[in-house]
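In the working numbering, the protein residues as written are 1 to 244.
All C-beta atoms, glycine included, are put in the ideal place defined by N, C-alpha and C.
What follows is a single structure, written as structure tokens, with notes after it.
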Ligand SMILES: [Zn+2]
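Put into structure tokens, the structure is as follows:
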């Protein structure tokens, strides 16, 4: 099996929003990873990066959504230029934030999209949408593709790829274990150091749950797995990130 990190774009924003105690005056450019897992005949995309239209003009793409001015979005090469999306067999969404869900619209309409039930329900609840800064435009077109799971889930039925419920950043955030030694952590922590120092973003759906999820992933790391953080510019780089 093989895992390749693709370039889903980048956002530039104040460091202090994403890591407690950092300056709100210092801007950091955060990579947006998308992962392609190849195992047997399966080609599984984990997250989809920015929508190309959002990278061009976010406020127009999201029809005047507030807060988009807090980010500078960029996308040099869309995911469609990095992987033949027609060959993708399944999509797994760690969560529904715009930097993960934007590319859903680019995928063929028949591809199943795996989500935790509580993430999907949060994404369709007005109060949760506002609290979690979801942008429904990103995912309202996938209603017929959604496959909902509850808790940890053996994706292929053979133990090779497991979805791990890791809530907190959003109500139904999930991570993805590939084999025994590689974990796509998603946004449980944006920075790798967050697994140890718990300096999470200044916003979040449930910080106690996020702490528990970080401890869960830290235990996997301490047992020998490589665990990818969400957006750490010093750690994440496109290319083959796991082969086993
Ligand atoms: Zn997020």
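ask   = So what does DSSP say about residue 107, is it helix, strand or coil?
value = Taking the first residue of the chain shown as position 1, residue 107 is located at position 107. Residue 107: coil per DSSP, three-state reduction.
task = Starting from the C-beta of residue 89, find all residues in its chain whose C-beta is less than 6 Å away, skip the five residues before and the five after it, and write them out in chain order.
result = Taking the chain shown and counting its residues from 1, the one referred to as residue 89 is at position 89. Non-local C-beta neighbours of residue 89 in its own chain, meaning closer than 6 Å and more than five positions away in sequence, comprise 42 and 43, ordered along the chain.
ask   = Since residue 11 is in the beta strand (DSSP E), which residue starts that stretch and which ends it?
value = The sequence position of residue 11 within the chain shown is 11, counting from 1. Counting along the chain, residue 11 sits inside the beta strand (DSSP E) bounded by residues 2-14.
query = Should residue 149 and residue 116 be called a contact, given that it needs their Cβ atoms to be closer than 8 Å?
reply = What you label residue 149 is simply residue 149 of the chain shown in a count that begins at 1. What you label residue 116 is simply residue 116 of the chain shown in a count that begins at 1. Taking 8 Å as the Cβ cut-off, residue 149 and residue 116 qualify as a contacting pair.
query = Do the stretch 210-228 and the stretch 182-198 meet, that is, are 3 or more Cβ pairs less than 8 Å apart?
reply = Touching, per the Cβ criterion.
key: For residue 182: DSSP bridge partner residues   = Stepping through the chain shown from its first residue, residue 182 is reached at position 182. Looking at the DSSP output, residue 182 shares a beta bridge with 178 and 226.
key: residue 243: first and last residue of the uninterrupted beta strand (DSSP E) it sits in   = Indexing the chain shown from 1 puts residue 243 at position 243. Counted as a single uninterrupted DSSP element, the beta strand (DSSP E) harbouring residue 243 occupies residues 239-243.
query = residue 144: beta carbon under 7 Å from a heavy atom of ligand 1?
reply = Counted from its first residue, the chain shown places residue 144 at position 144. Checking every heavy atom of ligand 1 against the Cβ of residue 144, none is found closer than 7 Å.
message = Whole angstroms are fine: how far does the CA of residue 133 sit from the CA of residue 46?
response = Within the chain shown, residue 46 is the residue found at index 46, counting from 1. Within the chain shown, residue 133 is the residue found at index 133, counting from 1. Going from the Cα of residue 46 to the Cα of residue 133 covers about 20 Å.
ask   = Does the stretch 63-80 touch the stretch 149-166, meaning 3 or more C-beta pairs lie closer than 8 Å?
value = Not touching, per the Cβ criterion.
ask   = Taking only runs of the alpha helix (DSSP H) that begin and end inside the stretch 35-92, which ones reach a length of at least 4 residues, in chain order?
value = Under the rule that a run must span 4 or more residues, the alpha helix (DSSP H) segments found entirely inside the stretch 35-92 read 52-56 and 58-61.
key: First through last residue of the alpha helix (DSSP H) which encompasses residue 121   = Within the chain shown, residue 121 is the residue found at index 121, counting from 1. Here the alpha helix (DSSP H) through residue 121 covers 117-122.
message = Does residue 145 come out as helix, strand or coil in the three-state DSSP assignment?
response = Against the chain shown, residue 145 aligns to sequence position 145. Residue 145 falls in the coil class under three-state DSSP.
task = Enumerate in chain order the residues of its own chain whose CB-to-CB distance from residue 18 is below 6 Å, with the five nearest sequence positions on each side excluded.
result = By 1-based counting over the chain shown, the position of residue 18 is 18. Cβ neighbours of residue 18 beyond the five flanking positions: 190 and 201.
ask   = Just to confirm, are residue 94 and residue 175 a CB contact at a threshold of 8 Å?
value = For the purposes of this step, residue 94 is identified with residue 94 of the chain shown, where counting begins at 1. For the purposes of this step, residue 175 is identified with residue 175 of the chain shown, where counting begins at 1. With respect to residue 175, residue 94 sits close: the two C-beta atoms are nearer than 8 Å.
task = Return helix, strand or coil for residue 29, following the three-state DSSP convention.
result = Position 29 of the chain shown, counted from the first residue, corresponds to residue 29. Residue 29 falls in the strand class under three-state DSSP.
message = Please tell me whether, using a cut-off of 7 Å, the distance from the CB of residue 51 to the nearest non-hydrogen atom of ligand 1 is below it.
response = As a working note, residue 51 is residue 51 in the chain shown. Incorrect: residue 51 has no Cβ contact closer than 7 Å to ligand 1.
message = Which residues neighbour ligand 1 when neighbourhood means a C-beta less than 5 Å away from any of its non-hydrogen atoms? List them by chain order.
response = Taking a cut-off of 5 Å from the heavy atoms of ligand 1, the residues with a C-beta inside it are 97 and 187.
Nearest-angstrom Cα separation, counted from residue 122 out to residue 225 = Position 225 of the chain shown, counting from 1, holds the residue named residue 225. Position 122 of the chain shown, counting from 1, holds the residue named residue 122. Taking the straight line joining both Cα atoms gives about 30 Å.
request  = Keeping to the same chain, check which residues put their C-beta closer than 6 Å to that of residue 83; ignore five residues upstream and five downstream.
outcome  = Position 83 of the chain shown, counted from the first residue, corresponds to residue 83. The residues 36, in chain order, have a CB closer than 6 Å to that of residue 83 in the same chain once the five nearest residues on each side in sequence are set aside.
task = Quickly, what does DSSP pair residue 153 with across the bridge? List them, please.
result = In the chain shown, residue 153 corresponds to position 153, counting from 1. Its beta-bridge partners are 163.
ask   = Can you give the beta carbon distance from residue 79 to residue 6, rounded, assuming they're within the 8 Å contact cut?
value = Taking the first residue of the chain shown as 1, we reach residue 79 at position 79. Taking the first residue of the chain shown as 1, we reach residue 6 at position 6. The C-beta distance from residue 79 to residue 6 rounds to 6 Å, short enough to meet the 8 Å contact threshold.
ask   = What is the residue span of the alpha helix (DSSP H) that residue 131 lies within?
value = Working through the chain shown from its first residue, we reach residue 131 at position 131. Bounds of the alpha helix (DSSP H) holding residue 131 are 126-132.
request  = Taking only the alpha-carbon atoms, compute the straight-line gap between residue 206 and residue 196 and give it to the nearest angstrom.
outcome  = Position 206 of the chain shown holds residue 206. Position 196 of the chain shown holds residue 196. One alpha carbon belongs to residue 206, the other to residue 196, and they sit about 18 Å apart.
task = Could you spell out where the alpha helix (DSSP H) holding residue 196 opens and where it closes?
result = Here residue 196 refers to the residue found at position 196 when the chain shown is read from its first residue. For residue 196, the enclosing alpha helix (DSSP H) has its first and last residue at 194-197.
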